[in-house]
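Going letter by letter, the sequence shown gives residues 1108 to 1202 in this note's numbering. See below for the structure under consideration.
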Amino acid sequence: MAAPKGIWKVITASSVGTLIEWYDFYIFGSLSTIIAAKFFPSENPTAALLSTLATFAAGFIVRPFGALVFGRLGDLIGRKSTFLLTLVLMGLSTF
């Protein structure tokens, strides 16, 4: 059975998005000691590092819940609308 014509475009876009997402996690984890020193109080470096790692862990813990919420929303209102909503939410969270 031959694959639909646009399937490679979808696979490529999904792969690039996943690659960028995991690259962000890798960079955050690799730079956690530097991030701890820059963003958290320096009186207690251990607490600063643990706060940074807790922030890192929150990204992994929340992922399944986001998948449940936005997966269901995608089934109800459409995947394209849900995708655009998540893009807007990510864009707004950077301000």
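Just so you know, even glycine gets a beta-carbon here, dropped at the ideal spot from N, CA and C.
Enclosing alpha helix (DSSP H) for P1111 [first to last residue]: For this step, residue 1111 is matched to residue 4 along the sequence shown. Run containing P1111: none; DSSP gives neither H nor E here.
Alpha-carbon to alpha-carbon, V1195 and F1177: Numbered from 1 along the sequence shown, position 70 holds the residue referred to as residue 1177. Numbered from 1 along the sequence shown, position 88 holds the residue referred to as residue 1195. Their Cα atoms are separated by approximately 13 Å.
L1180 in three-state terms, based on DSSP: Within the sequence shown, the letter at position 73 stands for residue 1180. Looking at L1180 - three-state DSSP - the assignment turns out to be helix.
Start-to-end residues for the alpha helix (DSSP H) that takes in G1185: Residue numbering aside, residue 1185 sits at position 78 when the sequence shown is read from its first letter. No alpha helix (DSSP H) contains G1185, which DSSP labels as neither H nor E.
Inter-residue spacing [alpha-carbon to alpha-carbon] between S1149 and P1111: Walking along the sequence shown from the start, residue 1149 turns up at place 42. Walking along the sequence shown from the start, residue 1111 turns up at place 4. Answer to the nearest angstrom: the Cα atoms are 56 Å apart.
Stretch pair the region 1134-1143 + the region 1157-1165: three plus CB contacts closer than 8 Å: yes
Distance between V1169 and V1117 (C-alpha atoms, nearest Å): Counting from 1 along the sequence shown, the entry for residue 1117 is found at position 10. Counting from 1 along the sequence shown, the entry for residue 1169 is found at position 62. Answer to the nearest angstrom: the Cα atoms are 25 Å apart.
Complete alpha helix (DSSP H) runs within the region 1124-1151 (minimum length 4 residues, chain order): 1139-1146
Beta-carbon separation (whole angstroms), T1159 vs F1167, contact threshold 8 Å: Along the sequence shown, read from residue 1 onward, the residue named residue 1159 stands at position 52. Along the sequence shown, read from residue 1 onward, the residue named residue 1167 stands at position 60. Contact flag wrong, Cβ pair sits at about 14 Å.
Buried/exposed call for A1155, threshold 16 Cβ in 10 Å: For the purposes of this step, residue 1155 is taken as the residue at position 48 of the sequence shown. That one is buried.
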